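Add 512 to a position in the sequence shown, counting from 1, and you land on the number used in the working numbering.
For each residue, glycine too, the CB sits at the ideal point set by N, CA and C.
All of these numbers come straight from a predicted model, not from anything done at the bench.
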Amino acid sequence: MLPRSLLLLLALLLLPFSLAQAQTQHVLVIVNNAWKGNISLDFQHDFPCLGRPLLEEWGVKLRHFAADAWSPQGCLSEIELQRHHIRLWYQPEGKLLTLLFPPGSMNPQQNGVSTSRWDDGINAAFVNYRVDYDWHRPEYAGDERGANLEVQLDNGLNYGPWRLRYQNTLWKDRQGQHGSYTRSASLWRAIRPLRSQLLFGDSTTSDTFFAGMPFRGVTLATDEAMFPDSWRPFSPWINGFAKTQAEVTIQQNGETVYRINVPPGPFTIRDFYPPNPDGSLQLTITESDGTEHERDLPYAAMPALVHEDNLSYELVGGRYRTWHGVDSATPGFFQATLARGIAPLFTLYGGVQHADSYLGSLAGVGVNLKAFGALSADVTRSDYISWQETFRGSMWRMRYAKAFFSTETSFSAMLRYYPAGQNYRSLEEKITQPAPGDTWLSDESQARKLSQELWLNQTLSENSSLSLSYAQHSWRSPDKHTRSFSLSYANSFDDIDISIWLERSRSQWGGPETTLAFTIGITLPDAIAGSSPAISYTNNLASHAAAKHGVNLYGTALSDYSLRYDITAEHTEHGNDALNASMGYQYNGGEMNSSLVRSGKQRDYHADVSGSLLLHAGGITPGQTMSDTMALLVVPDSPGIASYNQFGVTTNARGEALVGYLTPWRVNRLTLDSWNLPDGITLPVSELETVPTKGAIIKATFPPTEKAPGS
C-alpha cells in the first residue's frame, strides 16, 4: 500500500491534468450557419460536450444515434460525430464553435433557441389607445338618438422579467351617463427553470382539460412555447403565393400571432407554432399595392400530448371573475392539472377542481398515432350541492386530430357523452346556474345527451381553399337537438376573387334555416398612380329571410397605399336600400377610420382613432397599435427608413420606430427596407436578430446610416 503522503502527492500532480480534461467555457456557437448564442459548454481537449437536451433544442434528430453513442457524462462521442458526417470547428482564441449537421440529421422545424439568447428587453411603459365615437339617428321619430363615446386603454409596464398589464375603459352614452371599469389587471413573469409563467391578477384558465373560465387570483402554468419545437406535438407547414413583395399575417381567434414579409412567388412558413392548442388560423397576404387575400389554414391541434418524460401542469387559486355588467356569484376555487409523457407515444393526464360545495375531477390518456393522427379520451366527474340538494354526474369526452401534410388537409373531431340519470355540471355552470323558479333562464344541463363537432380544412392550391364544420347537440327530455353545418370555398386567380358560403342550421324550437352567399371580386386597372381599386358583387340568399344583393367598391390610395376606402350599396328585397361608406388612414403613429351607414331614414356615423405611445429611457415614441411583445427600432438620427416587420412604419426624426407582433422565445428578424432609402444614404446593417421573452420590449439599435458613394 502506498504511503498516504505519496497518494496526496499523486493527487496534486494529477489535479491540473484532470482540470484540463474538463473545462467549462462560454463560447459563441453557430449551427448550420444559424447563430445559437453564447453558451456554456464543457470541453475536453478542445472537444465540446454536446448533450441530449442541447442537441434536441437545436433540432437534431436524436433517434439517429445509437444508445452507446453517449458517454457516461451524457456527451456525444467524437467518433459518433464522424460516423454521421457531422463537422465541427473550434477556435479557442475567438471562443467560436461552428457545427455543420447534414440536412437529414435535422428536423425541418427546428427553430430551437438556446436559453442564453432569451432577452427580457428594456424597462419601459406603454399604452395602446382607441377612441370610438358613434352617432345614431333612428328611423322613427320616437326612438332615441344621440352619441356614444368610448375610450379603451391597454397599459403596460416592463421591469426586468416582470410584466404589469392594466386594461380599462371609459365611456359616455346617449343619456349623458358616464363611467369607467377595469377589463383586466395582472402582474406576471416567466420562471425560466420551470418553463412556466407565474401570474397574479386576472386571467382565464386553460380549456385543454377542464372548461376554461375567467378568474382573479394566482396561477403557475407550463408555457409550451418555451420548449424546443421538436418537443411540441405539431406545427403546420404553411404554403402560399405572393404576387409582389408582400406581408403575410396569421391570426388565431381574431388576434394577430405571426407576421413576416416574403418576396414575390411561392413561399413556405415552417417555423410558426400556434400559441394556443385550440382555435382556427387565418392567413392574410397583403400585396405591396394593398390588395389582400385571405384563407383558412389547415391546422389540427394534437389533443393532450406531452413529450416523453416531460410534465405540463397548471395550478390556479383565486375567485371566479364575472364580466363587466354581469351579476353573478364569485366563489373562491382551486384547480390543478398535470400531464406527463410516460412513453414516446402515450401521455397520462388528470386534474382536480375544488370550490365551496363543488368537487370536480378528471382523468384521461392521449395517444400519438403518428401517421394516423392523435387521439385522447377522458372522463370528468362533478359532485356538488346546489340549492340544498346534492348532485353528481360525469362527462365522457373523446378528441381526435390529424393533419395531412402531403395534401394540406386537417381534420379534427370531438365527442362528448353525458350518461343518463346524471347531473354533470362544470364549475362555471354550477356558479351561473339559474335559481329554482326562474322562468327567464333555461337550464337544460340535466337533459344533455350527446355533443358532436367536426372540422375539416383543405388547401386546394396556392390560391384556393375549402373548409367545413359540423356540430350537433342533443337532449334526452324533451327529445330535441340543434344542428349546424357550414361550407366555405375561396379561390383567387389573376385579378378575380371568388368566395362561396353555405350554412344550414336547425334550432331546438324552429325549423331548418339555410343561407347561401356568393361573392365575386375583380381588381380594376389603376386609375391613378398609387391606387388599387377593386369591385365585388355579393348575393345573400336565406330560406326564411329576405334576399340581399350588394355591390362593393374598395381599394387603397396614396403612394404608400396608406389610405383605404370602401363603398357598399345594398338592396334588401321588400326592405330598405342601404349605403355604407368608410375610409381609413394608417400612418406612422397610429390609424384613423370613419364610416357612414344610411338605411331608409336611419343614419349611423362612426369615427375612431387608435395607436400607441412608448415611454423609455430615450423619450416617448408614438406608433401603431402594438402587440404584447414588441420592438423599438433605432437607427440614430435617420428618419424615413421603413421596416419590413410592420406595414406603414418608418423611423421618426430621432430614427425610432415601433414594430409589434414578435414571436416570444423564438428568433425574430428585424429588417429595415434597404431598397427604398432616403437619397444619399446606405445602411451598413439592415437586419438584426432577437429572441424576446413573452411580453418583452426589445430595443434593437442599428449602426448609423452612411453616405452613399458619390453622394
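Quiz prompt | Reduced DSSP secondary structure (H/G/I, E/B, other) of Asp580 | solution = Locating residue 580 in the sequence shown gives position 68, counting from the first residue. Residue state, collapsed to three classes: helix.
Quiz item: Which term fits Tyr693, buried or exposed, when burial requires 16 or more other beta carbons within 10 angstroms of its beta carbon?
Solution: As a working mapping, residue 693 is identified with position 181 in the sequence shown. By the neighbour-count rule (16 or more Cβ atoms within 10 Å), Tyr693 is not buried but exposed.
Quiz item: For Ala1169, which three-state DSSP category applies?
Solution: The count along the sequence shown starts at 1 and reaches residue 1169 at position 657. Reduced to three states, the DSSP call for Ala1169 is strand.
Quiz item: How many angstroms separate the CA atom of Leu518 from the CA atom of Glu605?
Solution: By 1-based counting over the sequence shown, the position of residue 518 is 6. By 1-based counting over the sequence shown, the position of residue 605 is 93. Because Leu518 carries a pLDDT of 46, less than 50, the predicted location of this residue cannot be relied on, and no value is offered for it.
Quiz prompt | Met910 to Pro1196 span [Cα, whole Å] | solution = As a working mapping, residue 910 is identified with position 398 in the sequence shown. As a working mapping, residue 1196 is identified with position 684 in the sequence shown. Each residue's Cα considered, the two are about 56 Å apart.
Quiz item: Residue range of the beta strand (DSSP E) that Thr1163 falls in?
Solution: The count along the sequence shown starts at 1 and reaches residue 1163 at position 651. Element bounds for Thr1163: n/a, residue is neither H nor E.
Quiz item: Does DSSP put Glu568 in a helix, in a strand, or in coil?
Solution: As a first step, residue 568 must be located in the sequence shown, where it is residue number 56. If DSSP states are grouped into helix, strand and coil, Glu568 belongs with the helices.
Practice problem: Have a look at Asn667 and Arg695 and give me their C-alpha separation to the nearest angstrom. | Solution: Here the question's residue 667 lines up with position 155 in the sequence shown. Here the question's residue 695 lines up with position 183 in the sequence shown. About 11 Å.
Self-check item: Collapsed DSSP secondary structure at Arg1178 in the structure displayed
Solution: Counting from one through the sequence shown, the residue named residue 1178 turns up at place 666. Three-state DSSP puts Arg1178 in coil, outside helix and strand.
Quiz prompt | Expected contact under 8 Å - CB spacing of Arg1018 and Thr994 to nearest Å | solution = As a working mapping, residue 1018 is identified with position 506 in the sequence shown. As a working mapping, residue 994 is identified with position 482 in the sequence shown. Indeed, because the Cβ distance is near 6 Å, the residues count as touching under 8 Å.
Self-check item: As assigned by DSSP and simplified to three states, the class of Met738
Solution: Within the sequence shown, numbered from 1, the residue matching residue 738 stands at position 226. Reduced to three states, the DSSP call for Met738 is helix.
Quiz prompt | 3-residue-minimum beta strand (DSSP E) runs that sit fully inside the stretch 815-839, ordered along the chain | solution = 823-832
Quiz item: Is DSSP giving Ser957 helix, strand or coil here?
Solution: Along the sequence shown, read from residue 1 onward, the residue named residue 957 stands at position 445. Three-state DSSP puts Ser957 in a helix.
Quiz prompt | Cβ shell of Pro1221 (< 7 Å), same chain only, five flanking positions each side left out | solution = The residue you call residue 1221 lines up with position 709 of the sequence shown. Once the five neighbours on either side are set aside, Pro1221 has no close Cβ partner at all.
Quiz prompt | CB contact flag (Ala1226, Ser589, <7 Å) | solution = The requested residue 1226 is not part of the displayed model; the chain covers only 513 to 1223.
Practice problem: Determine, using beta carbons only, whether Trp976 and Ser998 come nearer to each other than 7 Å. | Solution: Within the sequence shown, the letter at position 464 stands for residue 976. Within the sequence shown, the letter at position 486 stands for residue 998. The question names Trp, yet the displayed sequence has Ser at residue 976. No; because the gap between Cβ atoms is not below 7 Å, this pair is not in contact.
Quiz item: Taking the C-alpha atoms as reference points, what is the distance between Pro1024 and Arg1016?
Solution: Taking the first residue of the sequence shown as position 1, residue 1024 is located at position 512. Taking the first residue of the sequence shown as position 1, residue 1016 is located at position 504. Rounded to whole angstroms, Pro1024 to Arg1016 spans 7 Å at the Cα level.
Quiz item: Are Trp908 and Tyr936 close, meaning C-beta to C-beta below 7 Å?
Solution: Position 396 of the sequence shown, counting from 1, holds the residue named residue 908. Position 424 of the sequence shown, counting from 1, holds the residue named residue 936. No, the pair does not count as a contact, with Cβ atoms beyond the cut-off.
Quiz item: Where Asp554 and Ala816 are concerned, what is the direct C-alpha to C-alpha distance, given to the nearest angstrom?
Solution: Walking along the sequence shown from the start, residue 554 turns up at place 42. Walking along the sequence shown from the start, residue 816 turns up at place 304. So the two alpha carbons sit approximately 36 Å from each other.
Exercise. Go ahead and pull the three-state DSSP assignment for Leu939.
Key: Within the sequence shown, residue 939 is the residue found at index 427, counting from 1. In this structure, Leu939 counts as helix in the three-state DSSP scheme.
Quiz item: What's the C-alpha gap between Leu706 and Gly549?
Solution: Taking the sequence shown and counting its residues from 1, the one referred to as residue 706 is at position 194. Taking the sequence shown and counting its residues from 1, the one referred to as residue 549 is at position 37. For Leu706 and Gly549, the distance between alpha carbons rounds to 21 Å.
Exercise. Take the Cβ of Leu1048 as the centre, count every other Cβ of all protein chains shown within 10 Å, and call the residue buried at 16 or more, exposed below.
Key: Translated into positions along the sequence shown, residue 1048 becomes position 536. The sequence shown places Ser at residue 1048, not Leu. With 16 or more Cβ atoms within 10 Å of its Cβ, Ser1048 is classed as buried.
Quiz item: Mapping DSSP to helix, strand and coil, what is Pro1204?
Solution: Here residue 1204 corresponds to residue number 692 of the sequence shown, with the count starting at 1. Residue state, collapsed to three classes: strand.
Quiz item: Just how far apart, CA to CA, sit Ala1081 and Thr761?
Solution: To locate residue 1081, count along the sequence shown from 1; it is residue 569. To locate residue 761, count along the sequence shown from 1; it is residue 249. Whole-angstrom Cα-Cα distance: 29 Å.
Exercise. Take the Cβ of Phe846 as the centre, count every other Cβ of all protein chains shown within 10 Å, and call the residue buried at 16 or more, exposed below.
Key: Here residue 846 refers to the residue found at position 334 when the sequence shown is read from its first residue. Per the 10 Å Cβ criterion, exposed.
Quiz item: In whole angstroms, what separates the C-alpha of Leu1144 from that of Tyr1073?
Solution: For the purposes of this step, residue 1144 is identified with residue 632 of the sequence shown, where counting begins at 1. For the purposes of this step, residue 1073 is identified with residue 561 of the sequence shown, where counting begins at 1. Taking the straight line joining both Cα atoms gives about 24 Å.
Quiz item: Is DSSP giving Ala851 helix, strand or coil here?
Solution: Counted from its first residue, the sequence shown places residue 851 at position 339. Ala851: strand per DSSP, three-state reduction.
Exercise. Give me whichever residues DSSP pairs with Gln900 in a beta bridge.
Key: Start at 1 with the first residue of the sequence shown, and residue 900 comes out as number 388. DSSP, once it has assigned bridges, lists no residue as partnering Gln900.
Quiz prompt | Beta-carbon spacing of Tyr678, Ala697 below 7 Å | solution = Start at 1 with the first residue of the sequence shown, and residue 678 comes out as number 166. Start at 1 with the first residue of the sequence shown, and residue 697 comes out as number 185. Yes, the pair counts as a contact, with Cβ atoms nearer than the cut-off.
Quiz item: Between the beta-carbon of Asn1157 and the beta-carbon of Leu1189, is there less than 7 Å?
Solution: What you label residue 1157 is simply residue 645 of the sequence shown in a count that begins at 1. What you label residue 1189 is simply residue 677 of the sequence shown in a count that begins at 1. Not in contact: Asn1157 and Leu1189 (Cβ atoms no closer than 7 Å).
Quiz item: Which residues does DSSP pair with Glu662 in a beta bridge?
Solution: Along the sequence shown, one-based indexing puts residue 662 at 150. DSSP, once it has assigned bridges, lists Asp644 and Trp683 as partnering Glu662.
Self-check item: Beta-carbon proximity check, Trp1177 vs Ala737, cutoff 7 Å
Solution: For the purposes of this step, residue 1177 is identified with residue 665 of the sequence shown, where counting begins at 1. For the purposes of this step, residue 737 is identified with residue 225 of the sequence shown, where counting begins at 1. Closer than 7 Å, so yes.
Exercise. Leaving aside the five residues before and after Val1147 along the sequence, list all residues of the same chain whose C-beta is less than 6 Å from its C-beta, in chain order.
Key: Here residue 1147 refers to the residue found at position 635 of the sequence shown. These residues qualify, in order along the chain: Ile1153, Thr1163, Gly1167 and Phe1214.
Practice problem: Identify, in the order they occur along the chain, each residue of the same chain with its Cβ nearer than 6 Å to the Cβ of Val828, setting aside the five sequence neighbours on each side. | Solution: If you number the sequence shown from 1, residue 828 lands on position 316. Taken in chain order, the residues that qualify are Thr717, Thr731 and Gln847.
Self-check item: Per-residue burial, Lys1219 [other beta carbons within 10 Å of its own, 16 or more giving buried]
Solution: Walking along the sequence shown from the start, residue 1219 turns up at place 707. That one is exposed.
Quiz item: Along the chain, where does the beta strand (DSSP E) that runs through Arg995 open and close?
Solution: In the sequence shown, residue 995 corresponds to position 483, counting from 1. Start and end: Lys992 to Phe1005.
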